[in-house]
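See below for the structure under consideration.
Residue numbers (the working numbering): 165 to 284.
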């Protein structure tokens, strides 16, 4: 079935002292979600289960992101999360701490509804 992207939101998150990429990624997803209020579903009578949500997380160490934990941040839809190289690490030369920044792209897709609805 053909899908169409209906939402694209971006977010950033960080973990300043724990050096935890998953925590930074979860915060980035929450930041992206707080930019949206989707009334489309209630207005058109669409079930949230029809929505596929694709999340791309950018961090300097993608292998350290628990994608299942990030997916748990999504309140609706069928989540797919992947971590890729991106984000930013800032080293503190005095303490040796690594401050971790993550970026998130949250995309929502619905089956193509072309022709099903008409604006009046």
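From the three backbone atoms N, C-alpha and C, an ideal C-beta is built for every residue, glycine too. Values in this document were obtained by computation on a predicted structure and should not be read as measured data.
{"Item": "Rounded C-alpha distance that separates residue 129 from residue 270", "Value": "Outside the shown range of the chain, which is 165 to 284, sits residue 129, and nothing can be said about it."}
{"Item": "Unbroken beta strand (DSSP E) run spanning residue 229, endpoints", "Value": "No beta strand (DSSP E) contains residue 229, which DSSP labels as neither H nor E."}
{"Item": "Whole-angstrom distance between residue 190 and residue 181, CA atom to CA atom", "Value": "15 Å"}
{"Item": "Nearest neighbour of residue 219, chosen from 210, 211 and 229 [CA to CA]", "Value": "229"}
{"Item": "4 or more residues per run - each alpha helix (DSSP H) lying fully within the stretch 198-262", "Value": "204-208 and 231-235"}
{"Item": "CB contact below 9 Å: residue 268 versus chain B", "Value": "Absent from the structure: chain B. Only one protein chain is present."}
{"Item": "Expected contact under 8 Å - CB spacing of residue 192 and residue 268 to nearest Å", "Value": "4 Å"}
{"Item": "Three-state secondary structure (DSSP) of residue 166", "Value": "coil"}
{"Item": "Pairwise C-alpha distance: residue 210 and residue 203", "Value": "10 Å"}
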